[in-house]
Amino acid sequence: MIGEPFASGNSLIHRTDPRIRLIVAVLFSFTVALCFHFPALLASLAAAVILVLLARLNPVSLFRRLLPVNGFVLLLWLFLPWTWGGDPLLRVSGLEISRQGVTMAAILTIKCNVILMLLVTLVSTMSFVTMGHALHRLRLPDRFVALFVLTYRYIFVIEQEYERIIRAVKIRGFVPRTTIHSYRTYAYIVGMLFVRATERAERVYFAMRCRGYNGRFHSLAEFPSSRSAFLFFLIMISVIAGVGYLEWR
Amino acid sequence: MHISEGILSWQVLAGSGAIALAGTAVGIKTMDPEKVARTGILSATFFVASLIHIPLGPSSVHLILNGLVGVILGWSAFPAIFVALLLQAIMFQFGGLTTLGVNTLIMAIPAVSCCYVFRWLNRSAFLQVAAAFACGMLAIVISALLAAAALVFSEKNFQELAVMIIVAHVPVIILEGIVTGFAIAFLKKVKPALLL
C-alpha cells in the first residue's frame, strides 16, 4: 500500500541536486499559492507541465495521484458557484450561479493541481533517504532529520506489524462491521500497534547506542555542486520571478 | 481532514506556518535525544493508523487518532505529526508543501490539548475512562473547528463550506471517541507506562 513510484527514474529532474529541487519546490509552491490572476496561474501551469514532461513521469500514475485532491476540488465546484454571491451567470431553478464563484473555483482548481504537480515532479522524484540527507545538508536540525528518516524507515515495519495483526484477527473470524464490538477490536489493534512500536523503539534505541549514537545525525551523502544544477536553479528562479511579475505587475 | 493546496489566503498560510514551526521547534527542543527513536517510530505508527479504514454504515472512514497520539507523546506530538504529514504529502499528495503548516496545526493543537486534558482528568479510574473517550472526541472537534476557521479566515465566502466540514465530521467525532476510549483503556491494562 505504500511505495515511492516516482523516486526511481532517470531524467533531467531526477539527476538534479535534491537540495536545489527542494528549495525550488518550496519557493514555487508558495508563489503559486499566492497567485489569483489567470496569466500568472496559466504560466505556472505551463511550467509545471513542462517539469512533468522533463521528469518523464508515468501520466497514469500522476493522474491517479491528483485524483483524490480533485475530490475536494469537486466539492468546491459544488459549493462556491451557489454560495459565493456576485453577478449572476446563470439561473437554474431559482438558484443563481455567480460568475465570481465559478471564477474562484477555476482559480483554486488550477492552483491546487499546479502545486501538487510541483510536489510530485520536484520532491516525490527523490527517495526519502536522499531527501533526509538533503535536509541535513540544508542545515535543518539534527533531531528533525533523524525523526524524518526514522519515521520513514519504520512506516514499513509498522505496516507489516499491522498486516500481521489483521491476519490474526481475521483468522479468528473477525469481520469488520458497524458495531461496538468491531470498534473495540480496532481500538485494541491500534493499542497493540502502539505497544509493539514502543517496545521496538526501546530496542532500536539501544541498538543505536551500541553503534555510538549520541544525538548527532551523520550523513555520508555528497551532493557535489555542478554547473547544470546551478543553471537549473537560475532558470527556475527566473520562472518563479516571471510568475510573480505576471501576478503583481 | 487535509486542507488542499491553493485554497487559503496568504495571511492564514503565513500565520499558521509560523505557529506550526514554533510548535514543532518546541516539540523538538523538549525531546530528549533518547526519545528521538521513540518519537519517530510512534510517528510512523500514527502514519499507519491513519491508513486504517473502519466501517461506518455503508461506507468507511479512516482513523485520525491525534488525541491518542497527544496523550502518548505530549509536545513531541507536534514534530511527530509534522513529519507524518510531510511524508503523507510526498507519498500520497494528501496536502502539499504550502499547507503543511496549517494541516499540522489542525492535527497537533488538538493533540497537545488532549495531553493536558487527559493529565488533568487522570485522577481516578472512572475519570480516566471518561477522559479517554472525551479526548478522542475533543481532538476531532477541535480539528474540525480549526479547519473551518482556517477556511473562514481565508475567505468569508467559504462559510457554507466550513459549516459542511464540521457537520461531516460529527460521525467521525463519535467514532474517534469510541476507538480512542477503548484504545486508552487497553493501554492502561497492557502498558500503563505509555500513558504517563
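Chains as they are written, first to last, in this note's numbering: chain A, 16 to 264; chain B, 93 to 288.
Using N, Cα and C, we set each Cβ at its ideal position, and we do this for glycine too.
Backbone secondary structure at residue i - three-state DSSP
{"i": "E176 of chain A", "result": "helix"}
{"i": "L91 of chain A", "result": "helix"}
{"i": "R79 of chain A", "result": "helix"}
{"i": "S234 of chain A", "result": "coil"}
{"i": "H145 of chain B", "result": "strand"}
{"i": "P74 of chain A", "result": "helix"}
{"i": "H196 of chain A", "result": "helix"}
{"i": "L105 of chain A", "result": "strand"}
{"i": "V190 of chain A", "result": "coil"}
{"i": "S243 of chain A", "result": "helix"}
{"i": "S108 of chain B", "result": "helix"}
{"i": "P20 of chain A", "result": "coil"}
{"i": "Y228 of chain A", "result": "coil"}
{"i": "W263 of chain A", "result": "helix"}
{"i": "S132 of chain B", "result": "According to the sequence provided, residue 132 of chain B is Gly. The question's Ser does not apply to it. Three-state result, G132 of chain B: helix."}
Short CB-CB distance (under 7 Å) between residue i and chain A
{"i": "H169 of chain B", "result": "In the sequence on display, residue 169 of chain B carries Ala and not His. No - not a single Cβ of chain A is within 7 Å of the one on A169 of chain B."}
{"i": "R130 of chain B", "result": "yes"}
{"i": "L165 of chain B", "result": "no"}
{"i": "E252 of chain B", "result": "yes"}
{"i": "P268 of chain B", "result": "The residue asked about is misnamed: residue 268 of chain B is Glu in this sequence, not Pro. Judged by the 7 Å Cβ criterion, E268 of chain B is not in contact with chain A."}
{"i": "G149 of chain B", "result": "yes"}
{"i": "K283 of chain B", "result": "yes"}
{"i": "G115 of chain B", "result": "no"}
{"i": "T122 of chain B", "result": "no"}
{"i": "P202 of chain B", "result": "no"}
Any C-beta of chain B under 7 Å from that of residue i
{"i": "T46 of chain A", "result": "no"}
{"i": "P103 of chain A", "result": "no"}
{"i": "L265 of chain A", "result": "Only positions 16 to 264 of chain A appear in the structure, and residue 265 of chain A is not among them; the question remains open."}
{"i": "G86 of chain A", "result": "no"}
{"i": "Y198 of chain A", "result": "yes"}
{"i": "T118 of chain A", "result": "no"}
{"i": "K185 of chain A", "result": "no"}
Range covered by the alpha helix (DSSP H) that runs through residue i
{"i": "I112 of chain A", "result": "I112 of chain A -> not in any alpha helix (DSSP H); beta strand (DSSP E) instead, spanning 110-113."}
{"i": "R36 of chain A", "result": "33-49"}
{"i": "H29 of chain A", "result": "27-30"}
{"i": "P171 of chain B", "result": "169-184"}
Closer than 9 Å at the beta carbon, the chain B residues around residue i
{"i": "F78 of chain A", "result": "The contacting residues do not exist; F78 of chain A stays about 11 Å from chain B at best."}
{"i": "F248 of chain A", "result": "Correct list: empty, because the minimum Cβ distance to chain B is about 17 Å."}
Within chain A, the residues that residue i reaches when beta carbons sit closer than 7 Å
{"i": "T137 of chain B", "result": "I173, L208, F209, A212"}
{"i": "F278 of chain B", "result": "A202, Y203, G206"}
Partner residues on chain A for residue i, Cβ-Cβ distance less than 8 Å
{"i": "I182 of chain B", "result": "L134, V138, S139, F143, M146"}
{"i": "N249 of chain B", "result": "L95, T98, W99, G100, G116, M119"}
N- and C-terminal bounds of the beta strand (DSSP E) containing residue i
{"i": "V153 of chain B", "result": "151-154"}
Near the ligand COA: residue i beta-carbon under 6 Å from a heavy atom
{"i": "M183 of chain B", "result": "Looking at this structure, you won't find the ligand COA or any other ligand, since it has none at all."}
Neighbour list for residue i in chain A, Cβ cutoff strictly below 9 Å
{"i": "W102 of chain B", "result": "F45, A48, L49"}
Listed by chain order, chain B residues near residue i by CB distance under 7 Å
{"i": "R192 of chain A", "result": "P147"}
Within chain B, partners of residue i - CB distance below 8 Å
{"i": "I170 of chain A", "result": "A136, F139, V140, L179"}
Meets three-Cβ-pair contact criterion under 8 Å: the segment 126-138 of chain A and the segment 31-49 of chain A: yes
Cβ pair count under 8 Å reaching 3, the segment 149-161 of chain B against the segment 140-155 of chain A: In this structure the segment 149-161 of chain B does not lie against the segment 140-155 of chain A, because fewer than three pairs of beta carbons, one per stretch, are closer than 8 Å.
Inter-stretch contact (C-beta, 8 Å, three-pair minimum) for the segment 192-200 of chain B and the segment 106-122 of chain B: yes
Segment contact, 8 Å Cβ cut-off, at least three pairs: the segment 218-230 of chain B with the segment 271-278 of chain B: As far as the Cβ criterion goes, the segment 218-230 of chain B touches the segment 271-278 of chain B, which means the pair count is three or higher.
Validate contact between the segment 239-253 of chain A and the segment 106-122 of chain A using beta carbons, cut 8 Å, 3 pairs: no
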